[in-house]
Each structure stands twice: as structure tokens, then as C-alpha cells.
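Inspection log for the structure reproduced underneath, given as C-alpha cells.
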């Protein structure tokens, strides 16, 4: 019994959690947060920033000495003989007795007699062995150290390039962050707009259905014609088709918003502003901005400035090709066999310290690289100037569009008042029988169009505010997507 109660409680909790997850309502900040957390482009930018960080650390290590260990083994098919076999053959193996009488000495052994010289062969063997180097097993090894002392400024420039590259990666990540937020805002307000239009379309269909039913009665009573009934039926079919299009558009917009937020794609998503009657609008910020300062603070401009600095340093790297490089070398090498105290088949080694200088003589190649680097710097300067001009134009366009959106909203609000009044008169006249059904349909169509225009004007004003904030570099979301560098 207790197990059944526990199972029932767990099932109820699971069902409750499923309902709460399904009925989750997302606000605009929630959608932004989810998109920032799950967007693949931002995650790629974060990893690129991490790569730039480690490349900067790698460049810093160029200041320090490089240490390497070398080891090798060789086997040769023949040995090395320092004395040739023809030279060894000159060592006698017998001695011929000379004529001693010519020197006044007694001739005990007849002259010309050959006496075997057994020690000759021994001397030949020992001499051949002593002058033969066994190459069947050769071992070599060593540890070397190279410390750069002067590289023409190449190392310093490389470190500065990596530092700028890290800042560039952060700036590009900020640019992508703004793009993601704008894209999410567009999708969010598109859902809100279509939701409001769906409610209008449903009310219009319900109204036309009611008018069609009333006309059926009026036709039977002879106070309306079949032509009036047919015109209402046509309008009803058009309204139902429009409702179908709005429903499809709303489902696709919700799916797009789900994809941007990194959640399961579904058309059942609920947004916080989906069913509001009137969209709350922020007050227009009329504070004057310094356009030149705004341009300098734009992430795109900051990226181009960093790119220009990088290519300036690449000029310095190319110029270093003209200059000599100087380095300190040190190491320890050992061999087996070794010849420090005769030929020994033992591991023995020695230390070495030196200075290595390299003077380049390929001036034609170096000049080509240097001129190419200077040209690339000029290109980046021109791209920076062009970007500033386009951003200035973008700010002015966004400002004008925001002012235009305000005027459009005011006009839409006035049209709503007129459409409401016109609809009221039409409904009263239709009930009194002094207004024809076609005039009532026209009044309702105008009322629907006025409310649809109001929704469009409100959404447009919201998005124009976002576009202007992006243009002037105003913070759209107080978030930090930059990784804790050095920690994975």
C-alpha cells in the first residue's frame, strides 16, 4: 500500500513537472539569455578567443631559451679500418740473414737464410685490431640550448601581434553577441505581432460568421438580398484564409525563436508578451550622442583598429628580415664509441658553449615581404575609413527611422479612434436597418486594418529602438560571454 502511494506521488510530480515545462513562458530577457548560452556562433567565438589567448602565451615563450634532446643509433655493415691491408702486408713474417762478413763479423748462419719471424704476424694482427673502429653499434646523443639575444625586433613584434589578436577576438565576439541579440529580438516581436494579428483575425472571422447568420434570417424575412449574403460569405472565406496564413506564420516564427534560443523546436512556445492587449513602449531617448565617440566605441571599428595595429606590427616583422639575428648556444653531446682517450666503447661526452649569428643577404626577398606588409596596412586603413563612413550613415538612418516610427504610431493611434467611431455608427445603423451589410463590412475591414497597422507600428518602434541602440553601440544586454581564459 505504501509503495503504491509513493509510486502515485512520483507519477504526480513527474506529470506536474512535465506540465510546468510545457507551459513555460519566456520573456524577452529569457530568450536573450537562452540564445546567448546556446548559440553555436557565440560558442565558436568563445573558443576562438581561447585560441588567441594560448597563442599569446606561446609567443611570450619565444623570449625564453629552447631546449632540445637528440638521440640516435646506427648500425653499419662494415667496420672502419684506419690502416689499409696493403700497408699491413709490408710487415715481415720472416727475416733473411744478411752477409755479415762484409762488416767483419763472423758468419754463424749462412747468408741468405730465411728465419721465420713469428712476432711479425702478431704485430700485424694487433696493429690491425688497434686501427679498426667497430661500426656495428654507434650511439650518439646530446642536449642543446638556444637563447635568442637579438632577433631584429621580431620577437617583440610577435608578442604585440598576439596581444592585439586576443583583443580582436574579444571584439569580434562582442559584435556577434549584438547580432544574436538583435536576431532574437526580431523573432520575439514577430511572434508577438503575429499573435496579436491572430486574435484580430479570429475576432473578425467570428464577427463575419455572426453577420452571415443574421443575414440568413434577414434573407428569409425579405429585408436583405442574396447578393448581400454572398458578399459576406466571400469576405468570410477570405478572413478564414487570412487566419490560416497567420496561424502558419505564427507557428514558423515560434519554431525560429526556439531554434535561436537553443531549445527543442516546437510551435507550442509561449512568450510573455503574446497575449497583451497593448504593447508597452519605452520612452524615446532624446539624449544627444557624440557620433565620433560612438563610432570609436563600435566593436566593428575597434576590430578594424586592432587589425590595423596587427598589420603595422607585421611590417616590423617583415623589416626584421633585413637585420641579423644573434643567439647564445650551449649543449652537451656524447657518443659511443668515444675517442677522448683513445678509442673506447663507452659513453663519454663534452660541453660546448658558443654564439651564433646569422646575417641575411636575401635583400630582394625581404624587400618584397616588407612592401607587401605595408600594402596590407594601407588596405586596413582604407577599410577602417570606409567602416566609419558606413556607421555614421547607419546612425543617421536609424535615427530617422525611429522618428518615422514614432510618427507612424501616432497616426495609427488616431486612425484607431476614427475606426472605432466609424464601426460604432455602422453597427448601430445596421441594427436600425439604415446601413447596408456592405457598409458594415467596410467599417469592420477598416477597423481590422487600423488595429493591424497599430500592431505593426508598435513592433516597428520596438525594433527601431533596438536598431538604434546597436548603431550607437549601446549595451543591449548586460552579459559577459568571454571565457575564463586559461581554464577549460
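Numbering (my numbering), first residue to last: -3 to 484.
Virtual Cβ for every residue (Gly too), placed ideally from N, Cα, C.
All values derive from a computational prediction rather than experimental measurement.
query: On the DSSP letters alone, give me the boundaries of the beta strand (DSSP E) that residue 346 sits inside.; result: 344 to 354
query: Whether or not the region 419 to 426 and the region 452 to 469 are in contact is what I'm after, with contact meaning three or more pairs of Cβ atoms, one per stretch, closer than 8 angstroms; do they touch?; result: no
query: Nearest-angstrom Cα distance between residue 246 and residue 438?; result: 26 angstroms
query: Would you list the residues sitting across from residue 143 in a DSSP beta bridge?; result: 324
query: Could you tell me if residue 18 is buried or exposed, where buried requires 16 or more neighbouring beta carbons within 10 angstroms of its beta carbon?; result: Confidence in residue 18 is poor, its pLDDT being 47 and thus under 50, which makes the residue's placement unreliable; the coordinate value appears in the next sentence. With fewer than 16 other Cβ atoms within 10 Å, it is exposed.
query: How many angstroms separate the CA atom of residue 478 from the CA atom of residue 67?; result: 44 angstroms
query: Between the Cα of residue 448 and those of 211, 191, 53 and 64, spot the shortest distance and give me the residue it belongs to.; result: 191
query: For residue 466, name the three-state secondary structure that DSSP assigns.; result: helix
query: Can you give the beta carbon distance from residue 257 to residue 30, rounded, assuming they're within the 8 angstroms contact cut?; result: 4 angstroms
query: Buried or exposed, going by whether 16 or more other CB atoms sit within 10 Å of the CB of residue 417?; result: exposed
query: Three Cβ pairs or more, each shorter than 8 angstroms: is that satisfied between the region 171 to 184 and the region 20 to 34?; result: yes
query: So, with DSSP's three-state summary, where would you put residue 209?; result: helix
query: Under 8 angstroms: do the region 382 to 394 and the region 339 to 358 share three or more Cβ pairs, one atom per stretch?; result: no
query: Would residue 55 and residue 313 qualify as a contact pair, given that the criterion is a beta-carbon distance under 9 angstroms?; result: no
query: From residue 464 to residue 41, what distance separates their C-alpha atoms?; result: 24 angstroms
query: Taking the alpha-carbon of residue 386 as reference, which of 139, 65, 255 and 287 has the nearest alpha-carbon?; result: 287
query: Return the residue from the list 204, 432, 307 and 415 that minimises the CA-CA distance to residue 366.; result: 307
query: From what residue to what residue does the beta strand (DSSP E) around residue 220 run?; result: Taken as a continuous stretch (DSSP letters only), residue 220 belongs to no beta strand (DSSP E), as it is neither H nor E.
query: For residue 215, list the residues DSSP reports as bridge partners.; result: DSSP output for residue 215 lists no bridge partner at all.
query: Can you name, in chain order, every residue of its own chain whose Cβ lies under 7 angstroms from the Cβ of residue 405, other than the five neighbours on each side?; result: 453, 454 and 457
query: If you pair each beta-carbon of the region 314 to 334 with each one of the region 156 to 175, do three or more pairs fall below 8 angstroms?; result: no
query: Leaving out the 5 sequence neighbours to the left and right, which residues in its chain are closer than 8 angstroms to residue 388 when beta-carbon positions are compared?; result: 287 and 291
query: Shortest alpha-carbon distance to residue 133 belongs to which of 148, 147 and 69?; result: 69
query: Who does residue 66 pair with in a DSSP beta bridge?; result: 138
query: Give me the Cα-Cα distance between residue 62 and residue 151, rounded to the nearest whole angstrom.; result: 14 angstroms
query: Measure the C-alpha to C-alpha separation of residue 262 and residue 415 and round it to an integer number of angstroms.; result: 37 angstroms
query: With distance defined between alpha-carbon atoms, name the residue in 322, 136, 65 and 397 nearest to residue 71.; result: 136
query: Among the residues of its own chain, which have a CB less than 7 angstroms from the CB of residue 282, if the five just before and after it don't count?; result: Here residue 282 scores only 46 on pLDDT, less than 50, and its place in the model should not be relied on; the value that follows carries that caveat. Same-chain partners within the cutoff: there are none.
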